[in-house]
Amino acid sequence: MSHLAVIGLGIMGLPMARNLVAAGHVVVGYDHGDARMAALEEGGGRRAASIAEAVAGADVVITMLPDSPQVEEVVLGPGGVLEHATAGVIHIDMSSIRPDVAVRVAQECRARGLRPLDAPVSGGERGAIDGTLSIMLGGEDADVAEVRPLLEAVGRTIVHVGPNGSGQTVKAANQLIVGGTIQLVAEAIVFLEAYGVDTQAAVEVLAGGLAGNRILDLKAQGMLDREFAPGFRIDLHHKDLGIVTSAAREAGVAIPVGALVAQLMGSARANGDGGLDHSALLRGVERMSGRELR
Ligand code: NAD
């Protein structure tokens, strides 16, 4: 049993924190949003009035924040984790951020005696609620071994992929695959609807063949129903495709399909869909096809 600080109690951080409480850990949460902390208290956690209060006495500090600037602010900024965590504390950043920022944050943590890990996740809100996330860990072997039992409360597939920053690189690849797959499933659905076929039947048979994939399994029904409550917001996937396109460019790797999907994600955002689930890429296909948005 550990004493944990969890900073960032959003769509992902809150259910993850609640699962850590359920696993018997002491969890002290901090978030800008009061309602998020109230929800953690309902789940048996404790709220903190500041990062300093959350981190006081914690063996492990988890951050689950939107993007690189928030992680830099919360960890490195004034009043942040580095100022208040004691040497030996493990910091696990589970947000999806730029790999180069993850490396820099880890270096600064290590210089202050902390033990940093990057541990972005895949599996969406459902995976966070069910405790079945995939977790991609970057960091030292010993630190990974120490946190593995704790992470088993939130994830099912927990893989150490390399040194600090590697988890974020793998997550960027994950977002490339997920974004591209959603776009193709969306195009297939609008195509099927244009021909008036039974889309339920079509999705069922497609899911059983070589075209089968997790997006069809988890997102196709919502797309058919035009149910786009997030889930994973287009704004966040836009951020992730920015990360992967720039990281690929720096590495000299061409990702033409990924770059196109990044443009389509940006277009969805520009059309006012940034707050919708990423499966709302389907609306972009409808717009481009001159079809009525439902
Ligand atoms: P979210 O916007 O729902 O949650 C972020 C939380 O951080 C919010 O509650 C916000 O109030 C809080 N916050 C922001 N800045 C803060 C600060 N300075 N101090 C304290 N709290 C602060 O986002 P989310 O969907 O939970 O995603 C979190 C991270 O996980 C992102 O990097 C995202 O890309 C990644 N992710 C999300 C999903 C998903 O399906 N939602 C899946 C995998 C990975």
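Note that this note's numbering has the sequence shown beginning at 4, numbered continuously upward.
A virtual CB, placed ideally from N, CA and C, is assigned to each residue, including glycine.
In this structure, Ser99 places its C-beta atom within 9 Å of the C-beta atom of Lys242.
Met67 sits in coil when the DSSP states are folded into three classes, being neither helix nor strand. For the ligand NAD, no non-hydrogen atom lies closer than 8 Å to the CB of Ser282.
The nearest non-hydrogen atom of the ligand NAD is less than 8 Å from the C-beta of Ala131.
Leu120 and Ala191 have their alpha carbons spaced roughly 39 Å apart. Nearest Cα to Ala122 within the set Pro102, Val30 and Ala52: Pro102. Shown here, Met19 sits in a helix according to DSSP, grouped into three states. Exclusion of Gln110 from the 8 Å shell around the ligand NAD follows from its C-beta lying no nearer than that to any non-hydrogen atom of the ligand.
Around the beta carbon of Tyr198, a 10 Å sphere encloses fewer than 16 other beta carbons of the protein chains shown; the residue is thus reported as exposed. If you draw a straight line from the Cα of Ile180 to the Cα of Glu76, it comes to about 29 Å.
When DSSP states are grouped into helix, strand and coil, Pro72 belongs to the helix group.
Counted as a single uninterrupted DSSP element, the beta strand (DSSP E) harbouring Met139 occupies residues Leu136 to Gly141. Pro233 and Leu239 have their C-alpha atoms roughly 11 Å apart. The beta carbon of Gly245 sits closer than 8 Å to those of Ala265, all from its chain and outside the five residues before and after it, given in chain order. For the segment 23–59, the full-length beta strand (DSSP E) segments reaching 3 residues or more read 29–33 along the chain. In this structure, the CA atom of Phe231 is about 13 Å from the CA atom of Ile185. In this structure, His87 has its beta carbon at no less than 8 Å from each heavy atom of the ligand NAD.
When Asp37, Ala20, Leu219 and Ser71 are compared, the shortest CA-CA separation from Ile65 is found for Ala20.
Ranked by Cα distance from Leu12, the options Ser5, His6 and Leu23 are led by Leu23.
With distances taken between CA atoms, Ala55 lies nearest to Leu7 out of Leu7, Ala42, Val108 and Pro259. Nearest in C-alpha terms to Asp280, of all of Val31, Arg39 and Gly182, is Gly182. With a threshold of 8 Å, the Cβ atom of Gln186 does not count as near the ligand NAD, since no heavy atom of the ligand is closer than that. DSSP places Arg290 within a helical segment (H, G or I) once states are collapsed to three. In terms of side-chain proximity, the C-beta atom of Leu239 is found nearer than 8 Å to a non-hydrogen atom of the ligand NAD. Not one heavy atom of the ligand NAD falls within 8 Å of the beta-carbon of Pro81. Minimum Cα-Cα distance from Ala131 among the listed residues His94, Ala175, Ala156 and Thr172 corresponds to Ala156. Between His28 and Leu153, the alpha-carbon positions lie close to 9 Å from each other. Under the three-state reduction of DSSP, Ser125 is assigned to strand.
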